[in-house]
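Colleague: For what it's worth, my numbering labels the leading residue of the sequence shown as 107, then goes sequentially. C-beta: ideal position from N, C-alpha, C; glycine also.
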Amino acid sequence: MKGEIKPILIHPNPILRQVSEPVDLALLNTPEFKKFLADMDATLKEKDGAGLAAPQIGVSQRVIVIGKRDNKSLFLINPQITRKSWGKIAGEEGCLSVVDSRGKIIYGVVERHKNITCQYYDPQGKKKKIQADDHLARVLQHEIDHINGILFIDHLIA
Ligand SMILES: [Zn+2]
107 MKGEIKPILI HPNPILRQVS EPVDLALLNT PEFKKFLADM DATLKEKDGA GLAAPQIGVS
167 QRVIVIGKRD NKSLFLINPQ ITRKSWGKIA GEEGCLSVVD SRGKIIYGVV ERHKNITCQY
227 YDPQGKKKKI QADDHLARVL QHEIDHINGI LFIDHLIA
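1. Can L150 be considered in contact with ligand 1, in the sense that its beta carbon sits closer than 7 Å to one or more heavy atoms?
2. What do you get for T149, buried or exposed, if any count of 16 or more other CB atoms within 10 angstroms of its CB means buried?
3. I need the straight-line Cα distance from R208 to D147, nearest angstrom please.
4. Please report the distance separating the alpha-carbon of I121 from that of I114.
5. Where does the unbroken beta strand (DSSP E) through I236 begin, and where does it stop?
6. Would the beta-carbon of L262 fall within 8 Å of that of H117?
7. Return the chain-ordered list of same chain residues with a C-beta closer than 8 Å to the C-beta of R168, the five sequence neighbours on each side being excluded.
8. Cα separation between I211 and Q237?
9. Which word fits Y226, buried or exposed, when buried means at least 16 other C-beta atoms lie within 10 angstroms of its C-beta?
10. Can you find the residues in the same chain that come closer than 8 Å, C-beta to C-beta, to I170, ignoring five residues on each side of it along the sequence?
11. Among the residues of its own chain, which have a CB less than 8 Å from the CB of V204, if the five just before and after it don't count?
12. Given G109, which residues of its chain have a CB within under 6 Å of its CB, disregarding the five upstream and five downstream residues?
13. Given N228, which residues of its chain have a CB within under 6 Å of its CB, disregarding the five upstream and five downstream residues?
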């Protein structure tokens, strides 16, 4: 299904601060939900982001999408971090929703768990688990924060 590029909500839009609702898995096969995933994918690719969370396009639902090198994005529905490492690492992050007055992305340093395990449902409703390190672990933590109404600027260390 061909997706539409959606406008990205910009901080301080209040939708970015809402805790998103879990997706009703019974709706995964509806054309509306499939279109919504296609829209998220099209928007992520157009903006060339590492990841995108549904609230960033104004949908308060627990869905995130992560870009991959092979161009087949990874969709995570109702993602939950089930394990996180003690160890944290600092790294630079930016966000499509956090821009300066000229619309340029602002970057800052945030500490994230080095490794995490994340449980989620795929678009077919299959329960899955992913172990992520380093960059992917960081992107997942950033996007999962979004569906809890949290932005990276809330925990800047530099
Ligand atoms: Zn973001």
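Modeller: To lay it out plainly:
1. To locate residue 150, count along the sequence shown from 1; it is residue 44. Distances between the C-beta of L150 and the heavy atoms of ligand 1 are all 7 Å or more.
2. The residue given as residue 149 occupies position 43 in the sequence shown. By the Cβ neighbour-count rule, T149 is buried, with 16 or more other Cβ atoms within 10 Å of its own.
3. The count along the sequence shown starts at 1 and reaches residue 208 at position 102. The count along the sequence shown starts at 1 and reaches residue 147 at position 41. Roughly 25 Å separates the two Cα atoms.
4. Locating residue 121 in the sequence shown gives position 15, counting from the first residue. Locating residue 114 in the sequence shown gives position 8, counting from the first residue. Distance from the CA of I121 to the CA of I114, rounded to the nearest whole angstrom, comes to 11 Å.
5. In the sequence shown, the residue the question calls residue 236 occupies position 130. Per DSSP, I236 belongs to the beta strand (DSSP E) from K233 to D239.
6. As a first step, residue 262 is located in the sequence shown; it is residue number 156 there, counting from the start. As a first step, residue 117 is located in the sequence shown; it is residue number 11 there, counting from the start. Contact flag unset, no.
7. Counted from its first residue, the sequence shown places residue 168 at position 62. Counting only Cβ-Cβ distances below 8 Å, and skipping sequence neighbours, we find S126, E127, P128, V129, A160, I183, N184, P185 and I253.
8. Position 105 of the sequence shown, counted from the first residue, corresponds to residue 211. Position 131 of the sequence shown, counted from the first residue, corresponds to residue 237. For I211 and Q237, the distance between alpha carbons rounds to 29 Å.
9. The residue given as residue 226 occupies position 120 in the sequence shown. That one is buried.
10. Locating residue 170 in the sequence shown gives position 64, counting from the first residue. Cβ neighbours of I170 within its own chain (closer than 8 Å, five residues either side excluded): G157, L158, A159, A160, F181, L182, P185, L246, E249, I250, H252 and I253.
11. Counted from its first residue, the sequence shown places residue 204 at position 98. Excluding residues within five positions, the ones whose Cβ falls inside 8 Å are I116, H117, I211, I212, L257, F258 and I259.
12. By 1-based counting over the sequence shown, the position of residue 109 is 3. Closer than 6 Å at Cβ, skipping near neighbours: A144, D145, D147 and A148.
13. Looking up residue 228 in the sequence shown gives position 122. A small fix is needed here, since residue 228 is Asp in this sequence, not Asn. Spatial neighbours of D228 in its own chain (CB-CB distance under 6 Å, excluding positions within 5 residues in sequence) are listed in chain order as K234.
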